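Participant: I have a structure I would like to understand better, so I am pasting it below and will then ask my questions one at a time.
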Amino acid sequence: MNILQIMSGSYPPNEGVGSHVYSISRNLVKKGHSLKIIVRDHSVKKITRFYDNGIEIVLIPVTKIPFISTFLFKRKIESLFKNEIIDVIHYHSPLVPFVKLQTIKNIITIHSTMKIDTSYIESVSLNAILNKIMGKFLSPIIENQLLKNVDQIIVVSQDIKEELKTGYNYKKNNIFYIPNGIDNDVFYDMNLKRKKQIVYIGRLGYRKGIPIILKAIQDLYDYLKTNEYNIVFSGEGHLKQYVVKFIETNNLSDIVTITSKKQSEVNQLLNESMFLIMNSTYETGPRAVLEAMFTNTPVIATKVGLLKHFNDEDFIKINEFNKESVIIAIKKSIKYGEQNKYNSLQEKHQYYIDKFNNETIVNDLVNLYVGKNA
Numbered sequence: 144m145n146i147l148q149i150m151s152g153s154y155p156p157n158e159g160v161g162s163h164v165y166s167i168s169r170n171l172v173k174k175g176h177s178l179k180i181i182v183r184d185h186s187v188k189k190i191t192r193f194y195d196n197g198i199e200i201v202l203i204p205v206t207k208i209p210f211i212s213t214f215l216f217k218r219k220i221e222s223l224f225k226n227e228i229i230d231v232i233h234y235h236s237p238l239v240p241f242v243k244l245q246t247i248k249n250i251i252t253i254h255s256t257m258k259i260d261t262s263y264i265e266s267v268s269l270n271a272i273l274n275k276i277m278g279k280f281l282s283p284i285i286e287n288q289l290l291k292n293v294d295q296i297i298v299v300s301q302d303i304k305e306e307l308k309t310g311y312n313y314k315k316n317n318i319f320y321i322p323n324g325i326d327n328d329v330f331y332d333m334n335l336k337r338k339k340q341i342v343y344i345g346r347l348g349y350r351k352g353i354p355i356i357l358k359a360i361q362d363l364y365d366y367l368k369t370n371e372y373n374i375v376f377s378g379e380g381h382l383k384q385y386v387v388k389f390i391e392t393n394n395l396s397d398i399v400t401i402t403s404k405k406q407s408e409v410n411q412l413l414n415e416s417m418f419l420i421m422n423s424t425y426e427t428g429p430r431a432v433l434e435a436m437f438t439n440t441p442v443i444a445t446k447v448g449l450l451k452h453f454n455d456e457d458f459i460k461i462n463e464f465n466k467e468s469v470i471i472a473i474k475k476s477i478k479y480g481e482q483n484k485y486n487s488l489q490e491k492h493q494y495y496i497d498k499f500n501n502e503t504i505v506n507d508l509v510n511l512y513v514g515k516n517a
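Following this line, the structure appears as structure tokens:
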């Protein structure tokens, strides 16, 4: 099949959607399919095309102006591929437009609905407030256009199915649940000696509970020093400068570091850490949690997205969206690290490795592409 994957994520991938699209595309190429990934890119001056692991990557230059950039992205894709016949166009929402091309089937994976997703943004800056407004009034215009025109919809968590009903009044029965898979050729247990560190991996952005984590670390400074634990933030995003400034202002640089790892380096970072922490107020995956489990790294997390359906004893739960709950969870984790409970958490991971293996996910996608119910 000739498949076009359209996304708003970055290339090289450094966040959830981009990592997912690249991972499934690599596996689809292995199965003999022709794959193009179309990405909007603010840094290129002209349309740029190259190959990576048999996948054609197409970078489309766009402006940084919200909404207008989506319209330009649409026009350039339609112009570039107007004479090409495509078997499947697979959109990865949010922030991708519907494009009118010659195709047999249009499918969308909804990684989050902007109307619901952006309502959880912390109002910590003017940029954050503008994102909330855009998510409430402008982004749904793009999403409704996609919902109206695609043949089938994939949701990566059952919560999104409910969001489509409540937020968009969507009532068709063409919705299929296929979660994000993890490639165990990329994420696996390297059996490294683990450092006393807790790592945050992902977008340094809104809805991730980052300000609360930082305030908890500030209060835990003496406790972390006594137990010789460090905290590592790895990622990019709107709140990166907020994180940098908080660390500097509160003299936390001796126990907190901030870095940005390539996707190929994330596996080692997880393998050398005792725990991953995820304090999100809203998630549909979250992919980072699954990646941690694939590397046999226990997780400290809020019960959001897929984690609503995980057993509470399989990770260390942050009970509420507040500083006190994060403090309790981190202290609990450090104690677990010194007990047999750490190994018992690791033993739970195999179930999730089997359940969210990328091979299974890609097989479900191919079935949907060719007309079988996933």
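So our numbering is basically just the index in the sequence shown, starting at one, shifted up by 143. Beta carbons are placed, not taken as given, at the ideal position from N, Cα and C, and that holds for glycine. Quick caveat: nothing in here was measured; it's all calculated off a predicted structure.
(1) Determine the burial state of glycine 352: buried for a count of at least 16 other Cβ atoms within 10 Å of its Cβ, exposed for fewer.
(2) Tell me which residue opens and which closes the alpha helix (DSSP H) that phenylalanine 216 is part of.
(3) Roughly how many whole angstroms lie between the Cα atoms of glycine 161 and threonine 369?
(4) What separation, rounded to the nearest whole angstrom, lies between the Cα atoms of glutamine 340 and isoleucine 473?
(5) Looking only at its chain, what residues have a beta carbon closer than 6 Å to the beta carbon of glycine 345, apart from the 5 residues adjacent to it on each side?
(6) Could you compute how far the alpha carbon of isoleucine 220 sits from the alpha carbon of glutamate 227?
(7) According to DSSP, what are the bridge partners of glutamine 340?
(8) Suppose the cutoff is 6 Å on Cβ atoms and the five residues either side in sequence are ignored; what does the same chain contact list for serine 266 look like?
(9) Give me the residue from Tyr194, Ile401, Asp184, Arg169 with the minimum Cα distance to lysine 383.
(10) Considering just the uninterrupted stretch of the beta strand (DSSP E) at aspartate 230, what are its terminal residues?
(11) For valine 387, collect the residues of the same chain with a Cβ closer than 8 Å to its Cβ; drop the 5 residues on either side in sequence, then sort them by chain order.
(12) Using 8 Å for Cβ pairs, my map puts valine 205 next to histidine 185. What's the rounded Cβ distance?
(13) Label phenylalanine 193 either buried or exposed according to how many other C-beta atoms from any shown protein chain fall within 10 Å of its C-beta, with 16 as the threshold for buried.
(14) I need the DSSP call for leucine 147, collapsed to helix, strand or coil.
(15) Report, in whole angstroms, the separation of the C-beta atoms of phenylalanine 458 and isoleucine 325, which I expect to be a contact under 8 Å.
(16) Taking buried to mean at least 16 other C-beta atoms within 10 Å of its own C-beta, is glutamine 482 buried or exposed?
(17) When the Cα atoms are used, what is the spatial distance from isoleucine 180 to tyrosine 364?
(18) Excluding the five sequence neighbours on either side, which residues of its own chain have a C-beta within less than 6 Å of the C-beta of phenylalanine 418, listed in chain order?
(19) DSSP on isoleucine 107, reduced to helix/strand/coil?
(20) Going along the chain, which unbroken runs of the beta strand (DSSP E) with 3 or more residues stay wholly within the segment 244–287?
(21) Should glutamine 295 go down as buried or exposed, given a rule of 16 or more other Cβ atoms within 10 Å for buried?
(22) Quick check: the Cα distance between asparagine 414 and leucine 450, rounded to an integer number of angstroms?
(23) Does glutamate 306 come out as helix, strand or coil in the three-state DSSP assignment?
(24) Cα separation between aspartate 455 and asparagine 323?
(25) So what's glutamine 301 in DSSP terms, helix, strand or just coil?
(26) Is asparagine 414 helix, strand or coil by DSSP?
(27) Tell me which residues share the same chain as lysine 243 and place their Cβ nearer than 7 Å to its Cβ, disregarding the 5 neighbours each side in the sequence.
(28) Would you list the residues sitting across from proline 204 in a DSSP beta bridge?
Facilitator: Reading from the atomic positions:
(1) For the purposes of this step, residue 352 is identified with residue 209 of the sequence shown, where counting begins at 1. Per the 10 Å Cβ criterion, buried.
(2) Here residue 216 corresponds to residue number 73 of the sequence shown, with the count starting at 1. Phenylalanine 216 -> alpha helix (DSSP H) spans 211–223.
(3) Here residue 161 corresponds to residue number 18 of the sequence shown, with the count starting at 1. Here residue 369 corresponds to residue number 226 of the sequence shown, with the count starting at 1. In a straight line, the C-alpha of glycine 161 is about 39 Å away from that of threonine 369.
(4) The residue you call residue 340 lines up with position 197 of the sequence shown. The residue you call residue 473 lines up with position 330 of the sequence shown. Distance between the alpha carbons of glutamine 340 and isoleucine 473 is about 11 Å.
(5) On the sequence shown, residue 345 is found 202 positions in, with the first residue counted as 1. Answer for glycine 345: Gly378, Ala431, listed in chain order.
(6) Here residue 220 is taken as the residue at index 77 of the sequence shown, counted from 1. Here residue 227 is taken as the residue at index 84 of the sequence shown, counted from 1. Cα to Cα, isoleucine 220 sits roughly 11 Å from glutamate 227.
(7) Residue mapping note: residue 340 aligns to position 197 of the sequence shown, counting from 1. DSSP lists Asn373 as partners of glutamine 340.
(8) Taking the first residue of the sequence shown as position 1, residue 266 is located at position 123. The answer, listed in chain order, is Ile272.
(9) Position 240 of the sequence shown, counting from 1, holds the residue named residue 383. If we check each option's Cα against that of lysine 383, Ile401 comes out closest.
(10) Working through the sequence shown from its first residue, we reach residue 230 at position 87. That run of the beta strand (DSSP E) goes 228–236.
(11) Here residue 387 is taken as the residue at index 244 of the sequence shown, counted from 1. So the qualifying residues of the chain are Ile401.
(12) Looking up residue 205 in the sequence shown gives position 62. Looking up residue 185 in the sequence shown gives position 42. The pair is a contact, with the Cβ atoms about 7 Å apart (cut-off 8 Å).
(13) As a working mapping, residue 193 is identified with position 50 in the sequence shown. In this structure phenylalanine 193 is exposed. Its beta-carbon is surrounded by fewer than 16 other beta-carbon atoms within 10 angstroms.
(14) Counted from its first residue, the sequence shown places residue 147 at position 4. Looking at leucine 147 - three-state DSSP - the assignment turns out to be strand.
(15) Your numbering for residue 458 matches position 315 in the sequence shown. Your numbering for residue 325 matches position 182 in the sequence shown. With 8 Å as the limit, phenylalanine 458 and isoleucine 325 do not qualify as a contact, their Cβ atoms being about 16 Å apart.
(16) In the sequence shown, counting from the first residue as 1, residue 482 sits at position 339. It is exposed - the Cβ of glutamine 482 has fewer than 16 other Cβ atoms within 10 Å.
(17) If you number the sequence shown from 1, residue 180 lands on position 37. If you number the sequence shown from 1, residue 364 lands on position 221. Rounded to whole angstroms, isoleucine 180 to tyrosine 364 spans 44 Å at the Cα level.
(18) Counted from its first residue, the sequence shown places residue 418 at position 275. Within the same chain, phenylalanine 418 has close Cβ partners Ile341, Pro441, Ile443, Ser476.
(19) Since the first residue of the chain shown is 144 and the last is 517, residue 107 is not available in this structure.
(20) 245–253
(21) Position 152 of the sequence shown holds residue 295. Glutamine 295 comes out buried.
(22) Translated into positions along the sequence shown, residue 414 becomes position 271. Translated into positions along the sequence shown, residue 450 becomes position 307. So the two alpha carbons sit approximately 21 Å from each other.
(23) Stepping through the sequence shown from its first residue, residue 306 is reached at position 163. Glutamate 306 falls in the helix class under three-state DSSP.
(24) The count along the sequence shown starts at 1 and reaches residue 455 at position 312. The count along the sequence shown starts at 1 and reaches residue 323 at position 180. Rounded to the nearest angstrom, the two C-alpha atoms are 21 Å apart.
(25) The residue labelled residue 301 in the question sits at position 158 within the sequence shown. Three-state result, glutamine 301: helix.
(26) For the purposes of this step, residue 414 is taken as residue 271 along the sequence shown, with counting starting at 1. Of the three classes helix, strand and coil, the one that applies to asparagine 414 here is helix, per DSSP.
(27) Looking up residue 243 in the sequence shown gives position 100. Hits under 7 Å: Glu221.
(28) Your numbering for residue 204 matches position 61 in the sequence shown. According to DSSP, which records beta bridges pairwise, proline 204 is partnered with Asp184.
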